[in-house]
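Student: Residue numbering for the first sequence is -8 to 263, as defined by this note's numbering. No residue lacks a Cβ here, since even glycine has one placed at the ideal position from N, Cα and C.
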Amino acid sequence: MPELPEVETIVRMLRTQLVGQRVVSWPRCVATSVAAEFERELAGREILDVRRRGKFVVIPLSGDKFCLVHLRMTGRLIIQDSTLTEACISDPHVHALFHFASGRILCFRDTRKFGRLYLVDDPAEVVGDLGPEPLAEDFTSQHLYELLRSHRKRLKPLLADQRLLAGLGNIYIDEALWEAKIHPLRLGHTLSMEETERLHAAIRGVLSRAIENLGTTLRDYRTPLGVAGGNQETLVVYGRQGQPCPRCGTPIRREVIGGRGTWYCPSCQAGD
DNA sequence: ATATCTGCCTGCTCGC
DNA sequence: TGCGAGCAGGCAGATA
-8 MPELPEVETI VRMLRTQLVG QRVVSWPRCV ATSVAAEFER ELAGREILDV
42 RRRGKFVVIP LSGDKFCLVH LRMTGRLIIQ DSTLTEACIS DPHVHALFHF
92 ASGRILCFRD TRKFGRLYLV DDPAEVVGDL GPEPLAEDFT SQHLYELLRS
142 HRKRLKPLLA DQRLLAGLGN IYIDEALWEA KIHPLRLGHT LSMEETERLH
192 AAIRGVLSRA IENLGTTLRD YRTPLGVAGG NQETLVVYGR QGQPCPRCGT
242 PIRREVIGGR GTWYCPSCQA GD
């Protein structure tokens, strides 16, 4: 499932491949009037940049429009040679296809159809409510401290709330909490400054490392050129119930918190 | 304000 | 072997 590092990896590759390209057509999308509108609106526009905001891909287009993509669980953006256009169109999971004058295509493929495409005048219509970027230079531990104190929520659902902090998902929350040695059920406002500094460093460290490794591939995620990420090798707790904590040897525990599978070390991360 | 539940989806795993 | 049940989870929306 693409979280911040996966989207960042995708955005970097798309940027090198697509900036300056012109959308020729949009031959296929879901059969709604909205899709027809998409096709009409996109044709002829040039891709000016490819950026990321939280887990969104943000594509500024010529003519003051923005295309935004959220991959949710299984969404993928794939760059291919147009010789494969027919194969893409006959793929039942391909829901949209950008054609470019260069002869390449960009496929939006999503087996579970949770992903979303947007075409808007202002990105704020879609991402206006997102919290700060955890990797931004000006996102300090003091900011995180204030953010944690502003809500009486448990850390797991708090860190997953995109309105409070943008980009974290199930995997990196669990990994960051393990690294910071903090229990996922702790109430955010009970963290000391020292604990907050540990969490701040852990979040940024976990995300930065994942970007260096081109993202975490557990099943579906691939870069736009079809390559799996390598960060799954570095995961310590996510999906590893019963396996020994590499820090203390205690078996990793799985618990459902806020409706999500949550993995943590009951010894290192004691005290909820 | 926060927690909990449902729906959206499909592929995969598990148990019979 | 085959099949149905249950599960996974980001997010929106409803409800407690």
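Between the alpha carbons of A171 and G179, how many angstroms are there, rounded?
Tutor: In the first sequence, residue 171 corresponds to position 180, counting from 1. In the first sequence, residue 179 corresponds to position 188, counting from 1. Rounded to whole angstroms, A171 to G179 spans 13 Å at the Cα level.
Student: Could you name the residues of the same chain whose beta carbon sits closer than 6 Å to that of P123, not counting the 5 residues immediately before and after it, in chain order?
Tutor: The residue labelled residue 123 in the question sits at position 132 within the first sequence. F130.
Student: Would you identify the three-state DSSP class for K46, choosing helix, strand or coil?
Tutor: In the first sequence, the residue the question calls residue 46 occupies position 55. Of the three classes helix, strand and coil, the one that applies to K46 here is coil, per DSSP.
Student: Determine the direct distance from the alpha carbon of D40 to that of G217, and round the result to whole angstroms.
Tutor: On the first sequence, position 226 is the one that residue 217 refers to. On the first sequence, position 49 is the one that residue 40 refers to. One C-alpha to the other measures close to 21 Å.
Student: When we look at the beta-carbon of T225 and count the other beta-carbons within 10 Å, is it buried (16 or more) or exposed?
Tutor: Position 234 of the first sequence, counted from the start, is the residue given in the question as residue 225. Exposed, by the Cβ-count rule.
Student: Where A115 and A34 are concerned, what is the direct C-alpha to C-alpha distance, given to the nearest angstrom?
Tutor: The residue you call residue 115 lines up with position 124 of the first sequence. The residue you call residue 34 lines up with position 43 of the first sequence. Rounded to whole angstroms, A115 to A34 spans 23 Å at the Cα level.
Student: Alpha carbons only, please: which of D72, C236, K56, T102 is nearest the one belonging to V117?
Tutor: For this step, residue 117 is matched to residue 126 along the first sequence. Of the listed residues, the one whose Cα sits closest to V117 is K56.
Student: Residue range of the beta strand (DSSP E) that A87 falls in?
Tutor: As a position in the first sequence, residue 87 is number 96, starting the count at 1. 85 to 91 is the extent of the beta strand (DSSP E) around A87.
Student: Which residues does DSSP pair with Q71 in a beta bridge?
Tutor: Working through the first sequence from its first residue, we reach residue 71 at position 80. Paired residues: I96.
Student: What is the rounded straight-line gap between the Cα of P83 and the Cα of L138?
Tutor: By 1-based counting over the first sequence, the position of residue 83 is 92. By 1-based counting over the first sequence, the position of residue 138 is 147. Answer to the nearest angstrom: the Cα atoms are 43 Å apart.
Student: How many whole angstroms separate the CB atoms of Q12 and I50, which I take to be in contact at a CB cut-off of 8 Å?
Tutor: Along the first sequence, read from residue 1 onward, the residue named residue 12 stands at position 21. Along the first sequence, read from residue 1 onward, the residue named residue 50 stands at position 59. Rounded, the Cβ-Cβ distance is 10 Å, inconsistent with contact.
Student: Taking the alpha-carbon positions, what's the G196 to I202 distance?
Tutor: Translated into the one-based positions of the first sequence, residue 196 becomes position 205. Translated into the one-based positions of the first sequence, residue 202 becomes position 211. Cα to Cα, G196 sits roughly 10 Å from I202.
Student: If I follow the unbroken beta strand (DSSP E) through K56, where does it start and stop?
Tutor: Stepping through the first sequence from its first residue, residue 56 is reached at position 65. It spans 56 to 61 - the beta strand (DSSP E) in which K56 sits, taken as one unbroken run.
Student: Only counting the same chain, and skipping five residues up and downstream in sequence, which positions put a Cβ closer than 6 Å to that of P(-4)?
Tutor: What you label residue -4 is simply residue 5 of the first sequence in a count that begins at 1. L198, A201, I202, G206, listed in sequence order.
Student: Mark R31 as exposed unless 16 or more other C-beta atoms lie within 10 angstroms of its C-beta, in which case mark it buried.
Tutor: Indexing the first sequence from 1 puts residue 31 at position 40. Per the 10 Å Cβ criterion, exposed.
Student: Evaluate the contact criterion for the segment 68 to 76 versus the segment 149 to 157: three or more CB pairs, one atom per stretch, below 8 Å.
Tutor: The segment 68 to 76 is not in contact with the segment 149 to 157.
Student: I believe A87 touches L59 by the beta-carbon criterion, under 8 Å. Please report the beta-carbon distance rounded to the nearest angstrom.
Tutor: Indexing the first sequence from 1 puts residue 87 at position 96. Indexing the first sequence from 1 puts residue 59 at position 68. No, A87 and L59 are not in contact; Cβ-Cβ is about 13 Å, not under 8 Å.
Student: Using a threshold of 7 Å, state whether the C-beta atoms of D263 and H174 are closer than that.
Tutor: Working through the first sequence from its first residue, we reach residue 263 at position 272. Working through the first sequence from its first residue, we reach residue 174 at position 183. For D263 and H174, yes; Cβs fall inside 7 Å.
Student: Can you tell me whether S16 is helix, strand or coil according to DSSP?
Tutor: Reading the first sequence from its first residue, position 25 is the one you call residue 16. Any reading at S16 must be qualified, since the residue scores a pLDDT of 47, below 50, and its modelled position is unreliable; the value itself is stated next. DSSP places S16 in strand when its eight states are reduced to three.
Student: Could you give the residue range of the beta strand (DSSP E) that holds I109?
Tutor: Numbered from 1 along the first sequence, position 118 holds the residue referred to as residue 109. Just to set this straight, residue 109 is Tyr in the shown sequence, not Ile. Element bounds for Y109: 107 to 111.
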